[in-house]
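**Student:** This is the structure I want to talk about, given as structure tokens.
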Amino acid sequence: MDLISSLEVDSLTHSFGQHRVLAGIFLKCEPGEIVGVLGPNGCGKTTMLRALFGVLDADSMHLALGGETMDHAYRTERLGYLAQEPFLPRRMTVRGAVKGLLGESEICRTLLDHPRIAPLQRQRVGSLSGGEQRYLEVMLIVSLPAPFVFLDEPFTEIEPIHREPLKDMIRHASHTDRKGVLITDHAYRDVLDTADRIEVFAGGVLRPASGEADLKRWGYTP
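Numbering (the working numbering), first residue to last: 70 to 291.
What follows is the structure, given as structure tokens:
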């Protein structure tokens with residue numbers, strides 16, 4: 070995994086027609102840091118992540134990884150991105166999907182031996198429950214050899230009993246493996262519990278929040 074000092078985005082703007090969604094986003098994420106991004110539906114969380122990853126052409130943006138300016142950062146393999154939509158081929162087995170993404174690596178073997186994944190290895194992805202598939206997808210993305218990962222709604226359909234192990238996995242990827250993580254989810258308490266610091270959308274920009282009182286101050290009242 071490349072050693073990169075930080076991910077920094079500045080002056081990120083984007084509109085859909087006459088509707089300005091992103092009005093000048095500034096955000097910085099360091100290696101080993103989990104940054105939670107919260108906000109109501111339609112505020113721009115997913116739009117921001119897609120722009121950072123490079124699959125959405127923003128109206129304007131300056132993105133730097135380790136001080137190096139980037140366009141279409143996904144091409145550098147320095148970013149991992151968990152979108153809201155499932156990304157694994159439904160007809161592929163779990164074992165095949167894991168090996169296809171991670172290759173014959175120690176990380177691959179460790180993931181396949183995980184107690185949550187091992188019993189599912191021979192099943193097709195399409196036969197998994199929504200929670201099982203989401204858990205697998207999060208594990209795969211945080212296991213990629215990328216110094217920064219974006220997680221959009223990682224707790225969707227995850228059963229309560231499996232949420233704490235999933236949070237531990239994200240924390241391990243960040244605090245032990247030194248990945249920088251951006252995470253957003255409507256399960257805001259899980260984000261508060263996982264992240265090292267919180268940013269909240271307010272008027273198309275990000276504001277720092279230290280707790281639920283700040284969330285309400287900036288108009289986020291889930």
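Where a beta carbon is used, it is the ideal one built from N, C-alpha and C, also for glycine.
It should be emphasised that the depicted structure is a prediction, and the values quoted were computed from it without experimental measurement.
With respect to the beta strand (DSSP E) encompassing R276, which residues constitute its N-terminal and C-terminal limits?
**Tutor:** Along the sequence shown, read from residue 1 onward, the residue named residue 276 stands at position 207. Counting along the chain, the beta strand (DSSP E) containing R276 begins and ends at V274 to A278.
**Student:** According to DSSP, what are the bridge partners of A271?
**Tutor:** Within the sequence shown, the letter at position 202 stands for residue 271. Paired residue(s): V274.
**Student:** Based on DSSP bridge pairs, tell me the residues matched to S84.
**Tutor:** Along the sequence shown, one-based indexing puts residue 84 at 15. According to DSSP, S84 bridges with R89.
**Student:** Nearest to T116 by CA position, among T82, R159, G105 and E146, is which residue?
**Tutor:** Counted from its first residue, the sequence shown places residue 116 at position 47. Among T82, R159, G105 and E146, the Cα nearest to that of T116 is on T82.
**Student:** Give the straight-line distance between the Cα atoms of G165 and R193, rounded to the nearest whole angstrom.
**Tutor:** The residue labelled residue 165 in the question sits at position 96 within the sequence shown. The residue labelled residue 193 in the question sits at position 124 within the sequence shown. The alpha-carbon atoms of G165 and R193 are separated by roughly 9 Å.
**Student:** Three or more C-beta pairs closer than 8 Å, one from the stretch 127 to 147 and one from the stretch 268 to 288: is that the case here?
**Tutor:** With the cut-off at 8 Å, the stretch 127 to 147 and the stretch 268 to 288 do not touch.
**Student:** Taking only the alpha-carbon atoms, compute the straight-line gap between I267 and V104 and give it to the nearest angstrom.
**Tutor:** Here residue 267 corresponds to residue number 198 of the sequence shown, with the count starting at 1. Here residue 104 corresponds to residue number 35 of the sequence shown, with the count starting at 1. Computed Cα separation, rounded: 6 Å.
**Student:** Let me confirm a value: A215 is counted as buried when at least 16 other C-beta atoms fall within 10 Å, else exposed. Which label applies?
**Tutor:** Counting from 1 along the sequence shown, the entry for residue 215 is found at position 146. Flag for A215 reads buried.
**Student:** Which parts of the stretch 99 to 165 are runs of the alpha helix (DSSP H), unbroken and 4 residues or longer, counting only runs that do not cross its ends?
**Tutor:** If we require 4 residues or more, the alpha helix (DSSP H) runs fully inside the stretch 99 to 165 come out as 114 to 122.
**Student:** Would you check if there are 3 or more beta carbon pairs closer than 8 Å linking the stretch 119 to 130 to the stretch 81 to 96?
**Tutor:** Flag = yes, the stretch 119 to 130 and the stretch 81 to 96 touch.
**Student:** If you draw a straight line from the alpha carbon of R276 to that of G249, how long is it in whole angstroms?
**Tutor:** Mapped onto the sequence shown, residue 276 falls at position 207. Mapped onto the sequence shown, residue 249 falls at position 180. Their backbone Cα atoms lie some 19 Å apart in a straight line.
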